[in-house]
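Undergrad: I'd like to ask you about the structure that follows.
Protein chains: 2
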Amino acid sequence: MNSQFGERIRTLREKQNLYLRQVAPLLEMDTAQLSKIEKGLRQLKREQIPILAEILKASSDELMTLWLADQIYAVVKDEKLANEAMQVAEKNINQTKRKK
Amino acid sequence: MNSQFGERIRTLREKQNLYLRQVAPLLEMDTAQLSKIEKGLRQLKREQIPILAEILKASSDELMTLWLADQIYAVVKDEKLANEAMQVAEKNINQTKRKK
DNA sequence: TTATATTTGCCAATATTTGACAAGTCAATA
DNA sequence: TATTGACTTGTCAAATATTGGCAAATATAA
Numbered sequence: 006m007n008s009q010f011g012e013r014i015r016t017l018r019e020k021q022n023l024y025l026r027q028v029a030p031l032l033e034m035d036t037a038q039l040s041k042i043e044k045g046l047r048q049l050k051r052e053q054i055p056i057l058a059e060i061l062k063a064s065s066d067e068l069m070t071l072w073l074a075d076q077i078y079a080v081v082k083d084e085k086l087a088n089e090a091m092q093v094a095e096k097n098i099n100q101t102k103r104k105k
Numbered sequence: 006m007n008s009q010f011g012e013r014i015r016t017l018r019e020k021q022n023l024y025l026r027q028v029a030p031l032l033e034m035d036t037a038q039l040s041k042i043e044k045g046l047r048q049l050k051r052e053q054i055p056i057l058a059e060i061l062k063a064s065s066d067e068l069m070t071l072w073l074a075d076q077i078y079a080v081v082k083d084e085k086l087a088n089e090a091m092q093v094a095e096k097n098i099n100q101t102k103r104k105k
């Protein structure tokens, strides 16, 4: 639970008036799995994000951002040093980028 | 490779003039494993961080922060949306904190 | 060469995540 | 209250990923 990505794709799906039963097969899974994904109990595969974005007529970048944010959140939730760790990580990312 | 945590504990170990062979048994592992951890090829278990901090006479919080930063980095490295995702995640963390 | 420290490669053991299915809840409505 | 449709939940084997342990390789110094 507590999944930004899951909440977002549920909202988008409902906005498109689509049922789980309609969307799930397009992602080659059953409704139970997609239901769990929307509730944050399972992870959508990274490479399926663009596919789902198209189905839901949404921005792939937006969904990818939320999906990544969920992964990060899973690492640091309940950590008292979460913010410090994020700062260090952010620095590393931007340094790596600069080197390219 | 590319592990802040690993680099740091190697530096600390060398500063204490300790060999892998001396430290590894205190963590109940062999030198090969600890070597890989220092090179970022394996992860130290989260619960072993305080133990290692004591051995190296270092700050447990500092090591924990670097360890967490490595986990975050593993998620977002190579992601063009890394920074956006970090911002979203950071917001979630601080909202969760506030609710407590 | 020998000795010591570290590294690397391999693979079985262990742990984690996923896929698939069945059974369950819930709400609407006949 | 029985039925239907949408969604949810639980279970568990299968698929994946990670780790532990060992042996061999490398490196450096004497």
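From first to last, the protein sequence lines stand for chains A and B.
For the first sequence, the residue numbers in my numbering are 6 to 105.
For the second sequence, the residue numbers in my numbering are 6 to 105.
Backbone N, C-alpha and C fix where the C-beta goes; we use that ideal spot for every residue, glycine too.
Just so you know, these numbers come straight off a predicted model, no measurement behind them.
1) Can you tell me the Cα-Cα spacing of lysine 102 (chain B) and proline 30 (chain A), whole angstroms?
2) Just list the alpha helix (DSSP H) runs in the stretch 32 to 90 of chain B, keeping only unbroken ones of 4 residues or longer that don't cross its boundaries, in chain order.
3) Would you kindly work out how many angstroms separate the C-alpha atoms of isoleucine 14 (chain A) and aspartate 35 (chain A), rounded to a whole number?
4) Give the C-beta separation of isoleucine 98 (chain A) and asparagine 7 (chain B) to the nearest angstrom, bearing in mind that I take them to be a contact with Cβ-Cβ under 8 Å.
5) Going along chain A, which residues have a C-beta under 8 Å from threonine 16 (chain B)?
6) Mind pulling the chain A residues with CB within less than 7 Å of aspartate 66 (chain B)?
7) Between the beta-carbon of alanine 58 (chain B) and the beta-carbon of serine 65 (chain B), is there less than 8 Å?
8) If you draw a straight line from the C-alpha of arginine 47 (chain B) to the C-alpha of glutamine 38 (chain B), how long is it?
9) Pull up the distance between the alpha-carbon of tyrosine 78 (chain A) and that of alanine 94 (chain B), whole angstroms please.
10) Identify, in the order they occur along the chain, each residue of the same chain with its Cβ nearer than 7 Å to the Cβ of valine 28 (chain A), setting aside the five sequence neighbours on each side.
11) In chain B, what lies closer than 9 Å to asparagine 97 (chain A) by C-beta?
12) Who are the neighbours of alanine 90 (chain A) on chain B, taking C-beta pairs under 7 Å?
13) Select from B:Lys96, B:Lys20, B:Lys50, B:Ala63 the residue whose C-alpha is nearest the C-alpha of glutamine 76 (chain B).
14) Please classify leucine 23 (chain A): does DSSP put it in a helix, a strand, or coil?
TA: Once the coordinates are examined:
1) To locate residue 102 (chain B), count along the second sequence from 1; it is residue 97. To locate residue 30 (chain A), count along the first sequence from 1; it is residue 25. Looking at the two C-alpha atoms, the distance is approximately 38 Å.
2) 36 to 43, 54 to 60, 65 to 81
3) In the first sequence, residue 14 (chain A) corresponds to position 9, counting from 1. In the first sequence, residue 35 (chain A) corresponds to position 30, counting from 1. The alpha-carbon of isoleucine 14 (chain A) is positioned some 16 Å away from that of aspartate 35 (chain A).
4) The count along the first sequence starts at 1 and reaches residue 98 (chain A) at position 93. The count along the second sequence starts at 1 and reaches residue 7 (chain B) at position 2. Not confirmed; about 11 Å, so no contact.
5) Taking the first residue of the second sequence as 1, we reach residue 16 (chain B) at position 11. By Cβ distance, chain A contributes nothing, its closest Cβ being about 16 Å from threonine 16 (chain B), past 8 Å.
6) To locate residue 66 (chain B), count along the second sequence from 1; it is residue 61. Here the neighbours are Leu86.
7) Taking the second sequence and counting its residues from 1, one reaches residue 58 (chain B) at position 53. Taking the second sequence and counting its residues from 1, one reaches residue 65 (chain B) at position 60. In this structure, serine 65 (chain B) lies closer than 8 Å to alanine 58 (chain B) by Cβ.
8) Locating residue 47 (chain B) in the second sequence gives position 42, counting from the first residue. Locating residue 38 (chain B) in the second sequence gives position 33, counting from the first residue. So the two alpha carbons sit approximately 7 Å from each other.
9) Stepping through the first sequence from its first residue, residue 78 (chain A) is reached at position 73. Stepping through the second sequence from its first residue, residue 94 (chain B) is reached at position 89. When rounded, the distance between both Cα atoms is 6 Å.
10) As a first step, residue 28 (chain A) is located in the first sequence; it is residue number 23 there, counting from the start. Around valine 28 (chain A), the same chain offers Arg18, Leu39, Ile60 as residues with beta carbons nearer than 7 Å, after the five sequence neighbours per side are excluded.
11) Along the first sequence, one-based indexing puts residue 97 (chain A) at 92. Neighbours of asparagine 97 (chain A) on chain B, chain order: Asn7, Gln9, Ala74, Asp75, Ile77, Tyr78, Lys82.
12) The sequence position of residue 90 (chain A) within the first sequence is 85, counting from 1. Under the 7 Å cutoff, chain B gives Thr70, Leu73, Ala74, Ile77.
13) Locating residue 76 (chain B) in the second sequence gives position 71, counting from the first residue. Among B:Lys96, B:Lys20, B:Lys50, B:Ala63, the Cα nearest to that of glutamine 76 (chain B) is on B:Lys50.
14) As a position in the first sequence, residue 23 (chain A) is number 18, starting the count at 1. Three-state result, leucine 23 (chain A): coil.
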